[in-house]
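Chains A and B, in that order, give the protein sequences. For what it's worth, our numbering labels the leading residue of the first sequence as 43, then goes sequentially. For what it's worth, our numbering labels the leading residue of the second sequence as 9, then goes sequentially. Below is one structure, written out as structure tokens; comments come after it.
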Amino acid sequence: MCSACGFPETVGHWTDAGAVSAADKLRNRFVRLDVINRMLAPYKMVAYDDGSMPGFQLRNASGEVAILKDLEALWQEAERLGGGAVDPLKLPLG
Amino acid sequence: VVNDEEHDGRIEMTIVGGFLGAGKSTWLQHQLHVGHFGKVHVLVNEAAEVPVDHLFLEKAETLTILPDGCCCCEGAPQLIRSLRNICESHDNSTALELPRLLLETSGLADPAKIVENIQNDPLLGRRVRVKDTILIVDAGNLKHQLLSMDLVVRQIQSATILVISKVDTESADVVDRAANTLRLFNPSATLVLSDHGTERPADIAVDSSVFEVPSNLLPSDLPRAVSIELNESISWGALSVWLSAFLFAHRDKILRVKGVVSSPAGKLVIQSVRHKINAPQILPYNHSSGCALVIIGQDLDDAKLQESLRYWLN
């Protein structure tokens, strides 16, 4: 179990597969966070992955923060904090 | 796109489901008799029936009975415990070959939920891979069951292989209608006809004759498959974000996702049961298959999917 966030160590979400070396994992995190934040921007939310704990932190416009263990949990919480599912098929205008 | 022969060190498990009285045991007995599954450890979870069958004992390598209720819900802890024991006794033995598992569910189980329970277990998620979900459907009773039980639709939609049983007792017309009705609900599964477990050639008249199902039961938009070719250079990190967000936002409309994507660790095989994706398999580096994603579900618009992928992954 991680002593910072209390999440027990699980198999890892399917989205965490596919990285072997530490460099791959780190690169993966940056790439992911970039796409996540572009998707969250229209919903006025921001995700952080600063390496201090596994998973993500999600913050909405009114400052509510949640700590989330994987991408699935992130989208679930984003739906709650943002008041609707983050749908990648809805492209931002312009 | 998926090659079943590749395995990745996880124990392979097949789930055999079907509504009460669909003919699960008959089908399974025959398959074990002809040795279709080879040396296999059979787990039987029959909620309220007499479970032990001497034929099983004869033909299954090992037999475990799970009597504590349906293993997709209240009996789930028992199934998990039993699977953990199997992993442990394999680790403590000198056997080189991995055991093969086959679970016969109770008639009221939702196979997708069992797959999810196994995936979510910290130990079993690493050790066990559900290879196929086989669903036995009684040709004659399908219409009635579809009308009465929402569960039957969920069962049908979790299957990778649909077996229509008791075809010997039903007219060709009923079998055709059953097959076409099943295709309506789950176009991605392989259809097999069975007479007491013996496979019959599936020469089904492909027309639109289906059982008359009230329109509120039918999916308003029938499921269809969309294939998306993926450029090898697409980053898996970015794709995993897109796919997880898409699956979450459209979770009620997704039947299945299959695909091969490229990642730093090699080609990954992705498969889902409804919208839940299983732990991906890694193919060997020299694997030649191209990268593609197949999404099966309702309300899918090819152009919109392509556009969305282009927009977010560039």
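By construction, the Cβ of each residue, glycine as well, lies at the ideal position given by its N, Cα and C atoms. Quantities reported herein were computed from a predicted structural model and do not represent experimental measurements.
What is the DSSP secondary structure of residue i, reduced to helix, strand or coil?
i: Met81(A); result: helix
i: Glu119(A); result: helix
i: Lys121(B); result: helix
i: Leu238(B); result: coil
i: Leu110(B); result: strand
i: Ala233(B); result: strand
i: Ser173(B); result: strand
i: Gly83(B); result: coil
i: His49(B); result: strand
i: Thr70(B); result: strand
i: Val104(A); result: This sequence places Ser at residue 104(A); Val is not what is there. Ser104(A): coil per DSSP, three-state reduction.
i: Asn57(A); result: It is Thr, not Asn, that sits at residue 57(A) in the sequence shown. In this structure, Thr57(A) counts as helix in the three-state DSSP scheme.
i: Lys132(A); result: coil
i: Gly124(A); result: helix
i: Thr168(B); result: coil
i: Ser63(A); result: coil
i: Ser90(B); result: helix
i: Thr102(B); result: coil
i: Arg271(B); result: In the sequence under discussion, the amino acid at residue 271(B) is Ser, which differs from the Arg named in the question. Strand at Ser271(B).
Run the CB neighbour count on residue i, radius 10 Å, all protein chains shown included, and call it buried at 16 or more, exposed below.
i: Gln314(B); result: exposed
i: Glu240(B); result: exposed
i: Asp58(A); result: buried
i: Ser97(B); result: exposed
i: Asp184(B); result: buried
i: Ala167(B); result: buried
i: Arg264(B); result: buried
i: Ser114(B); result: buried
i: Glu256(B); result: A small fix is needed here, since residue 256(B) is Phe in this sequence, not Glu. Label assigned to Phe256(B): buried.
i: Asp12(B); result: Residue placement at Asp12(B) cannot be trusted, given a pLDDT of 47 that sits under 50; the coordinates are not used to answer.
i: Ala120(A); result: buried
i: His283(B); result: buried
i: Lys86(A); result: exposed
i: Asp176(B); result: exposed
i: Phe193(B); result: buried
i: Glu54(B); result: buried
i: Asn125(B); result: buried
i: Val77(A); result: buried
i: Asp129(B); result: buried
i: Thr102(B); result: exposed
i: His4(B); result: Because chain B in this structure spans residues 9 to 322, residue 4(B) falls outside the shown range and cannot be described.
i: Arg74(A); result: buried
i: Gly17(B); result: exposed
What does DSSP give as the partner residues of residue i in its beta bridges?
i: Gln99(A); result: Tyr90(A) and Ile109(A)
i: Asp203(B); result: Thr206(B)
i: His258(B); result: BP columns for His258(B) are empty, so no partner.
i: Val265(B); result: Ile303(B)
i: Glu20(B); result: Arg137(B)
i: Val249(B); result: For Val249(B), which the question treats as bridged, DSSP gives no partner whatsoever.
i: Asp146(B); result: Ser173(B)
i: Gln163(B); result: Its beta-bridge partners do not exist; DSSP assigns none.
i: Gln289(B); result: Val277(B)
i: Lys284(B); result: Val281(B)
i: Gly43(B); result: Per DSSP, none; premise fails for Gly43(B).
i: Gly115(B); result: According to DSSP, which records beta bridges pairwise, Gly115(B) is partnered with nothing at all.
i: Thr189(B); result: DSSP lists no partner for Thr189(B).
Since residue i contacts residue j with CB under 8 Å, what's their CB separation in whole angstroms?
i: Pro288(B); j: Leu276(B); result: 4 Å
i: Lys32(B); j: Glu112(B); result: 6 Å
i: Ile278(B); j: Val269(B); result: 6 Å
i: Ile23(B); j: Val138(B); result: 6 Å
i: Glu69(B); j: His49(B); result: 6 Å
i: Val136(B); j: Ile19(B); result: 5 Å
i: Val145(B); j: Ala30(B); result: 6 Å
i: Thr34(B); j: His204(B); result: 6 Å
i: Ala89(A); j: Asn79(A); result: 6 Å
i: Val107(A); j: Ala273(B); result: Contact doesn't hold; Cβ gap of about 32 Å is too wide.
i: Ala233(B); j: Pro195(B); result: 7 Å
Cβ contact check for the segment 122 to 132 of chain A and the segment 68 to 87 of chain B: 3 or more pairs under 8 Å: no
Cβ contact check for the segment 97 to 115 of chain B and the segment 149 to 156 of chain B: 3 or more pairs under 8 Å: no
At least three beta-carbon pairs within less than 8 Å, the segment 89 to 98 of chain A to the segment 110 to 122 of chain A: yes
Segment contact flag, the segment 298 to 312 of chain B with the segment 162 to 172 of chain B, C-beta cutoff 8 Å, min 3 pairs: no
At least three beta-carbon pairs within less than 8 Å, the segment 242 to 256 of chain B to the segment 83 to 94 of chain B: no
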